[in-house]
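Novice:
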Amino acid sequence: MAHAAAEAARIARGVRTEQLSGPTPCADFDTRTLVNHWVLYTSHGLERRARRESLPEELVTRDFTTDPGWAGAYADRLDRAVAAWSDPAVWEGEVDLGGMTMPAASIAQMVIKEMALHGWDVAKATGQQVVVEDDLARLVLGVVEEHAETYRRYGGFATPVPVPATASFLDRALAASGRNPGWDRSTG
4 MAHAAAEAAR IARGVRTEQL SGPTPCADFD TRTLVNHWVL YTSHGLERRA
54 RRESLPEELV TRDFTTDPGW AGAYADRLDR AVAAWSDPAV WEGEVDLGGM
104 TMPAASIAQM VIKEMALHGW DVAKATGQQV VVEDDLARLV LGVVEEHAET
154 YRRYGGFATP VPVPATASFL DRALAASGRN PGWDRSTG
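Numbers in the working numbering are just positions in the sequence shown, counted from 1, shifted up by 3.
(1) State buried or exposed for tyrosine 157, treating a residue as buried only when at least 16 other CB atoms are found within 10 Å of its CB.
(2) For a minimum of 4 consecutive residues, which ranges assigned as the alpha helix (DSSP H) are wholly contained in the stretch 44-109?
(3) So what does DSSP say about aspartate 33, is it helix, strand or coil?
(4) Using only alpha-carbon positions, find the residue among Val114, Gly181, His47, Arg52 that is nearest to arginine 80.
(5) With a cut-off of 8 Å, do at least 3 Cβ pairs link the stretch 136-146 to the stretch 166-183?
(6) Indicate whether lysine 116 and valine 146 have their beta-carbon atoms separated by less than 7 Å.
(7) Suppose contacts are defined by Cβ-Cβ distances below 7 Å. Is alanine 53 in contact with alanine 87 by that definition?
(8) Please return the same chain residues whose Cβ sits closer than 7 Å to the Cβ of alanine 11, not counting the five positions on each side in sequence.
(9) Start and end of the alpha helix (DSSP H) containing tyrosine 154?
(10) Report yes if the CB atom of alanine 8 is closer than 7 Å to the CB atom of tyrosine 77, and no otherwise.
(11) Quick one: is leucine 100 buried, meaning 16 or more other Cβ sit within 10 Å of its Cβ, or exposed?
(12) Assuming methionine 105 contacts glutamate 95 (C-beta within less than 8 Å), just tell me the rounded distance between them.
(13) May I have the straight-line CA-CA distance separating glycine 102 from threonine 162, to the nearest angstrom?
(14) Between the Cα of threonine 55 and those of Thr153, Ile110, Thr129, Pro165, spot the shortest distance and give me the residue it belongs to.
Okay, here's the thing in structure tokens:
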């Protein structure tokens, strides 16, 4: 979680205001929409899930990118979220998602997946490189494979993209989630 958060914070700091209207690997999101989704669920959402709190409507509808210091605020919020999950007791039990519950550890892994995959999306959309260690990429691949059909049912993932058997864990996770690991912002 700490590695995914640190990489997400680094990527956020590399986003320039003029890039926010550009395309992303997520066909339904421009960069601004993607960044707002990413910030909401991977920082505010992650911290609130640790505390077993729901997201207030004012956060759900907020455009975080209108604040000139949004990237620094995101990094600070990520630090708070990681600190909230540093208590082993937080990983126990269930988290209420408003109508259904899931094991806390599963929620944490799904949000780590969001940090890494959407971090890759934002990095690609803004011309940045992504650094994801194999252990993290392996975890993300496992979460993607475990939940892919559910994500597809709700429009969160597209049809899987073929990749060679020798592809990295990250490229396999991207492909299994319906992302083209070779996506380039110049070709959209």
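Backbone N, C-alpha and C define an ideal beta-carbon position, used for all residues, glycine too.
All of these numbers come straight from a predicted model, not from anything done at the bench.
Specialist: Once the coordinates are examined:
(1) The C-beta of tyrosine 157 has fewer than 16 other C-beta atoms within 10 Å across all chains shown, which makes the residue exposed.
(2) Unbroken alpha helix (DSSP H) runs of no fewer than 4 residues, entirely contained in the stretch 44-109, are found at 48-53, 60-63, 73-87, following chain order.
(3) Aspartate 33: strand per DSSP, three-state reduction.
(4) Of all alpha-carbon atoms in Val114, Gly181, His47, Arg52, the one lying nearest the alpha-carbon of arginine 80 is that of His47.
(5) Result yes; three or more Cβ-Cβ pairs closer than 8 Å.
(6) The beta carbons of lysine 116 and valine 146 sit closer together than 7 Å.
(7) One thing to note: alanine 53 has its Cβ within 7 Å of the Cβ of alanine 87.
(8) Excluding sequence neighbours, alanine 11 sits near Thr45, Leu81, Met118, Gly122.
(9) Counting along the chain, tyrosine 154 sits inside the alpha helix (DSSP H) bounded by residues 137-156.
(10) With a cutoff of 7 Å on beta-carbon distance, alanine 8 and tyrosine 77 are scored as not near each other.
(11) The residue in question, leucine 100, is exposed, as its Cβ has fewer than 16 Cβ neighbours within 10 Å.
(12) Rounded, the Cβ-Cβ distance is 13 Å, inconsistent with contact.
(13) Going by the C-alpha atoms only, they are around 27 Å apart.
(14) The residue asked about is misnamed: residue 55 is arginine in this sequence, not threonine. Taking arginine 55 as reference, the option from Thr153, Ile110, Thr129, Pro165 with the minimal CA-CA separation is Ile110.
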